[in-house]
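Let me begin by presenting the structure, written as structure tokens, before commenting on it.
Protein chains: 2
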Amino acid sequence: MSGGEKVLNERKKAILKAIVDAHIAGGEPVGSKFLTQNQQIGCSSATIRNEMAELEEMGYLEQPHTSAGRIPSEAGYRFYVDLLIDRYNLTESEIEELRGALRQKQNELDAIMQTAVTLASKLTNYTALSLRPRQARIAVGRFELMRLDDTTAVLIMLIGSVVKTKYIRSNRAIPPEATSLLAGVLNAKITGLTAGEITLPLIMEMERMMGEYDYLVSPVVRAVCETISGFDGGELRFEGINRLLAYPEFYDMDRLREMLALFEKKDKLLEVLSDEAHSGDRVQIYIGRENLVKVMDNSTLVFKTVTQDGKPVGAIGIIGPTRMNYRRVIATIDSLSRNITEAINAPKDKDGSES
Amino acid sequence: MSGGEKVLNERKKAILKAIVDAHIAGGEPVGSKFLTQNQQIGCSSATIRNEMAELEEMGYLEQPHTSAGRIPSEAGYRFYVDLLIDRYNLTESEIEELRGALRQKQNELDAIMQTAVTLASKLTNYTALSLRPRQARIAVGRFELMRLDDTTAVLIMLIGSVVKTKYIRSNRAIPPEATSLLAGVLNAKITGLTAGEITLPLIMEMERMMGEYDYLVSPVVRAVCETISGFDGGELRFEGINRLLAYPEFYDMDRLREMLALFEKKDKLLEVLSDEAHSGDRVQIYIGRENLVKVMDNSTLVFKTVTQDGKPVGAIGIIGPTRMNYRRVIATIDSLSRNITEAINAPKDKDGSES
DNA sequence: ATTAGCACTTGAATCATCGGAGTGCTAACC
DNA sequence: GGTTAGCACTCCGATGATTCAAGTGCTAAT
């Protein structure tokens, strides 16, 4: 709000960066004296104090109380993050672990995301999250029907690249020939349609096609619709929640409780993330309440989209205190999402010749 | 260790019960004076003090420090719980909510358990858990194969009453006629077999049966084995972790962290629970470290098995502070598991005639 | 423009004090 | 003998005073 030119001289930059670094490392406010140790800044504490006062005026720093050091404001973190173009690179072994874990799961997006989120949490030591965003257009691409006994069958649906199943029970018989017929009708008539596009005339036509087995259409279609609506809700998973506790900013019970409540109130988050998830190919970083829910005062969200055939099919990210190790987190998330995207887009894995 | 007859006179029972009740309600140690308000105990504080001293000697009570009131020991809670034969009954509306939620999901054990665990957490206000125990003998009961394109297919397996799917990718073509052939071979040869029973001769025989498509057998069998071994690991889910925070006994950060760490270290829990899950038709209650992992000093675990065709297929439970509302929790878990068991065993739901 | 120095502010830690709650025990009471 | 009133004793927790150290802002000197 209040003015302040955007231009920072080199020394201010160095000081700001040093403050953020120090605060990330220690978690405490940092004072002028401490900064004199930093080689990059060749001046006395008094000078630094003056600079810090100006940085505070510009909104990059904050003072918890009069006689404490400074901590970076959200704007300060933002500046710092934007500065970080030189990526922290994962070590060879970390990359290997990642690749190895992904190689197991062939194209099972669900399983892959689960693996990835665990890995992300482990590698960064923060809470990780995986997201399957809400999608506008959900439709079944392929149906299959597996008959179990006289009155039971399993309906198998391919949605995107995810397989969903649903039990069908009927109080009238489901003869073997009816299942294949029904599967054929379903594939012919309602592949590619969203729940809203399955109309009554369509259903009636299907019933006509089913002949004497018309009674099966209604329950099956209902099952399809249920599955579709269940699917488009998106999905959000967390892993490593307890890692939050290791960081002093969450030692405050109330804050922690808010955070956990946030984790459970997935709907809200999902909504926001689903929007954001569609945007861009880069790692996205939300600092504090920059954009998202306001609960996240002291937290930062880092995530990146996973795409298949150019379309976002999920996202993976990290949530943690604002003073997080950005280099590492960014690198991890970037690398993970890149590898997942790669794994699900370049199929054809060579069939190793084990005994 | 030190002696003490098991017999408690009526007054002692009344006092012990009153203390547990009060401590559950308030969370604080309870003193002799407070208990005089209780109508059931018609005597003065001094008498009560004497009785309490004896109860402490017998091991049913503890004193945090000399000049505090008493709190129930684990043995005290145990006694209290065993005393609770009169069940707390859920209200009509609660039962209705439960039934309604279950009715939606037809026999999808996974979805049902998910619903149930959410409900359990909501109804009791504690952290709830659902368990699919480790099982000794896992075998596929039925195979189906869905062809997607020239090199991809989805293998669909019915394990118990759970459907699992797995992508199959091949670097050689998967022609349509091969899929049905392969499904037939799989159904003929390896239904009912555990991973260990799928031997090399068997595989070779299958390859012979597949004729020119023999190259498909190996990757598919491998997928089957992976799925089976993935499945027998059991599964443990938590819901409502943040509810723990509402209780003062978890206001201690370290305790809380231990607890959360426990939640993530599912393997261990799974192991213990899988054993226990097989036992009995009653609600099981573990108080403190009575039996389980030692982390759970101040916590109680209440759970009950869900059975299908008489066999345990899962369990649902609550975890919370030792001073929990046992009546309510026991009733909820009992009712939930009973309803689930009912839902998955008595199929044939009437097909309502909605327009 | 930079720096040294100093007065000032403020939260955190330490310590002593005090009050209340609750006990255990003894002596009186039924 | 069981029950109760009374009292001395213990111990925790809250309160408040004091001290301490860190860090600032400002002024004057370089």
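Just so you know, the sequences run in chain order Z and B. Residues in the first sequence are numbered consecutively from 1, following the working numbering. Residues in the second sequence are numbered consecutively from 1001, following the working numbering. Idealized CB from N, CA, C, for every residue including glycine. Predicted, not measured: the structure shown is a model, and the values here were computed from it.
Asked	Found
Residue-chain proximity (A153 (chain Z), chain B), Cβ-Cβ < 8 Å	no
Local conformation of T165 (chain Z) per DSSP, three classes	strand
Validate contact between the segment 67-76 of chain Z and the segment 13-32 of chain Z using beta carbons, cut 8 Å, 3 pairs	yes
Short Cβ contact (8 Å threshold) for D110 (chain Z) with V162 (chain Z)	yes
Proximity test, Cβ basis, 8 Å: A1261 (chain B) and chain Z	yes
Three-state class that DSSP yields for Y286 (chain Z) in the structure shown	strand
C-alpha distance - P1064 (chain B) paired with L1055 (chain B), whole-angstrom precision	15 Å
4 or more residues per run - each alpha helix (DSSP H) lying fully within the segment 187-253 of chain Z	200-210 and 217-231
Own chain residues within Cβ distance below 6 Å of R1132 (chain B), not counting five before or after	G1234, E1235 and G1314
Partners in chain Z for I1156 (chain B), counting only beta-carbon separations shorter than 9 Å	E144, M146, V154, I156, V163 and T165
Proximal chain Z residues relative to N1187 (chain B), where beta-carbon distance stays under 9 Å	Correct list: empty, because the minimum Cβ distance to chain Z is about 11 Å.
Against chain Z: residues of the segment 1038-1056 of chain B by CB proximity under 9 Å	none
Contacts that L129 (chain Z) makes with chain B (C-beta to C-beta distance below 7 Å)	In chain order: nothing, as chain B lies at least about 15 Å away.
Interface residues of chain Z facing L1270 (chain B) [CB-CB closer than 7 Å]	Neighbours of L1270 (chain B) on chain Z: none; closest Cβ ~16 Å, over 7 Å.
Contacting residues, own chain, Cβ-Cβ under 7 Å from D1150 (chain B) (five flanking each side not counted)	A1173 and I1174
Per-residue DSSP class, three states only, for V1007 (chain B)	coil
C-beta neighbour in chain B for L123 (chain Z), strict 8 Å	no
Three-way DSSP call (helix, strand, coil) for K17 (chain Z) in this model	helix
CB contact below 8 Å: R1257 (chain B) versus chain Z	yes
Every unbroken alpha helix (DSSP H) inside the segment 55-90 of chain Z [4 residues or more]	74-83
I1287 (chain B) vs R1147 (chain B) beta-carbon contact at 8 Å	no
Minimum C-alpha distance to G1317 (chain B) - residue among B:G1160, B:K1122, B:A1046 and B:A1223	B:K1122
R1237 (chain B) versus N1325 (chain B): straight-line alpha-carbon distance, rounded	22 Å
Residues of the segment 241-252 of chain Z whose Cβ lies closer than 7 Å to any Cβ of chain B, in chain order	I241, N242, L245 and Y251
CB contact below 8 Å: E1096 (chain B) versus chain Z	no
Cβ-based neighbour list, D1297 (chain B), same chain, cut-off 7 Å, excluding 5 preceding and 5 following	G1288 and R1289
8 Å Cβ cutoff met for A1025 (chain B) and T1332 (chain B)	no
Which of helix, strand or coil DSSP assigns to P1133 (chain B)	coil
Beta carbon proximity, E1264 (chain B) to chain Z, threshold 8 Å	yes
Three-state class that DSSP yields for E28 (chain Z) in the structure shown	coil
8 Å Cβ cutoff, E207 (chain Z) in contact with chain B	no
Endpoints, the alpha helix (DSSP H) within which Q1114 (chain B) is located	L1109 to T1124
Straight-line Cα distance separating L1102 (chain B) from A1343 (chain B)	7 Å
Span of the beta strand (DSSP E) around R323 (chain Z)	No beta strand (DSSP E) contains R323 (chain Z), which DSSP labels as neither H nor E.
Distance, G42 (chain Z) Cα to L35 (chain Z) Cα	10 Å
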